[in-house]
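A quick write-up on the structure given underneath.
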Amino acid sequence: VDDILALSPFLRMTLLFFLATFWISSVLMVPGEPPTGPLQFAYDLTIIIHLLFAGAIAHAIGTIDRAALRRFATWMGFGALAFAVFTAIQFIARPLPEPLPERFVWQYAIPGYISVRLFGAYYGALLLFYAAFILGEEKRGEARPVQYVWMTLMAAMTIWSGTRAAILALVLILPALALGYRIWPTREVILKFVACLGGAATIAWFLIPPGDPQFWLFLLKDFGSVNQISSGRPEIWAAMGRAFLENPLFGTGPFSSGWLLAREGMFPQLQPHNAIMQFLVHWGLLGTVPVLILLFAATRTVHRIAFGNPDVVPFVAMLDALLVMSLFDGMLHFARHLMLVMVCLGVVFASGRAKLAAAD
142 VDDILALSPF LRMTLLFFLA TFWISSVLMV PGEPPTGPLQ FAYDLTIIIH
192 LLFAGAIAHA IGTIDRAALR RFATWMGFGA LAFAVFTAIQ FIARPLPEPL
242 PERFVWQYAI PGYISVRLFG AYYGALLLFY AAFILGEEKR GEARPVQYVW
292 MTLMAAMTIW SGTRAAILAL VLILPALALG YRIWPTREVI LKFVACLGGA
342 ATIAWFLIPP GDPQFWLFLL KDFGSVNQIS SGRPEIWAAM GRAFLENPLF
392 GTGPFSSGWL LAREGMFPQL QPHNAIMQFL VHWGLLGTVP VLILLFAATR
442 TVHRIAFGNP DVVPFVAMLD ALLVMSLFDG MLHFARHLML VMVCLGVVFA
492 SGRAKLAAAD
């Protein structure tokens, strides 16, 4: 409540308007189509839970310093390593048909992920975290070899997944943050990064499952058209745009993209692979406009806080990566990625509150 009252009157009214309208589509009946129902309404309620989760993190975390950041990076690295081992066991233990078909779908063997792209996007965000973290450590002259090991692991898992959006996020965000927060690397550090990424690509190359092209970053046939190189996203977005125009104010509710695409003879994706289109189709203009205003304000505030506390720049890098990737996949739809967004916001906001408390 205190955080809401601390907002500007405009943002406070925007938040209240969003909370009053974004769920309406999930209880409306769409004539002639599968009705929205309890599942959609339950999903909308989770949005409120995610917001409360970010607020809880912001209030639970105390002072954020370099030592705490190093501990976090270490434990996160061990967690990723454990999951990599678990994934390897899952792949090795999976019974294979004899003979192996020309195209064998491996991507669904990744524990807990419905798509290899969602796996790659998650670890692509962690890759940005470690890259920004190491740049800060190098600037202080305190970088350690194990930190490069963690970054190489994240890069290998990202490249292995063939997630192009994660590579795009790395290319766009890392140079911008390095310049903006004055952590530009020396030539020696750049060579270390190149060596780590090269090593990660080599590891990923040898571990790509046979017979499943989903794990390749690029295939020659992908360069035939924009639609091919983007895995059909323009067609999905066009279909979602037409669906939005049918219900522009309230939208058609969460998960509606599945039947909206199916009725056009397309694969029933759970989400439109673009955050803005997702908001428009799911919540309509009444939900999209306020959520975009709030998201812009939160992101701007996060970047401003990071200028006063460079220790949280890795979380800004991770947040920016998730937002860039959300333009191509469901980073703001699936709970695992949305939780990571809220972690970033909560940690950085906690840092801002700590700075204000210290100033008082």
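Quick note on numbering: the sequence shown equals residues 142 to 501 in the numbering used here. Glycine residues also receive a C-beta, built at the ideal position from the N, C-alpha and C atoms.
Item                                                                                                                                                                           : Value
Between Pro395, Leu486 and Gly449, which lies nearest to Tyr184 when the distance is taken from Cα to Cα?                                                                      : Pro395
Taking DSSP as the reference, what is the three-state secondary structure of Ser492?                                                                                           : helix
Within 10 Å of its beta-carbon, does Asn368 have 16 or more other beta-carbons around it, so buried, or fewer, so exposed?                                                     : exposed
How would you write the range of the alpha helix (DSSP H) that His414 sits in, first residue to last?                                                                          : It is not in any alpha helix (DSSP H) - His414 carries neither H nor E in the DSSP assignment.
Given Val384, which residues of its chain have a CB within under 7 Å of its CB, disregarding the five upstream and five downstream residues?                                   : Position check: residue 384 holds Ala in this sequence, whereas Val was assumed. Taken in chain order, the residues that qualify are Thr393, Leu401 and Val422.
Short of 7 Å in beta carbon distance, which residues of its chain neighbour Lys333, apart from the five on each side in sequence? Order them along the chain.                  : Tyr289
Report, in whole angstroms, the separation of the C-beta atoms of Met472 and Met480, which I expect to be a contact under 8 Å.                                                 : Wrong, their Cβ atoms sit about 11 Å apart, outside the cutoff.
Which first and last residues belong to the alpha helix (DSSP H) in which Phe260 is found?                                                                                     : Val257 to Arg281
Between which two residues does the alpha helix (DSSP H) carrying Pro179 extend?                                                                                               : Pro179 to Ala201
Looking only at its chain, what residues have a beta carbon closer than 8 Å to the beta carbon of Ile188, apart from the 5 residues adjacent to it on each side?               : Phe163
Give me, in chain order, the residues of the same chain whose beta-carbon lies closer than 8 Å to that of Pro451; leave out the 5 immediate sequence neighbours on both sides. : Gly277, Tyr322 and Ile324
Under the assumption that Glu279 contacts Val330 (Cβ atoms under 8 Å), give the Cβ distance between them as a whole number of angstroms.                                       : 5 Å
What residues in its chain sit with their C-beta under 8 Å from that of Trp357, if we drop five residues either side in the sequence?                                          : Gly303 and Ile349
For Ala297, count neighbouring Cβ atoms within 10 angstroms of its own Cβ and tell me buried if that reaches 16, exposed if not.                                               : buried
Quick check on Leu169: does DSSP put it in helix, strand or coil?                                                                                                              : coil
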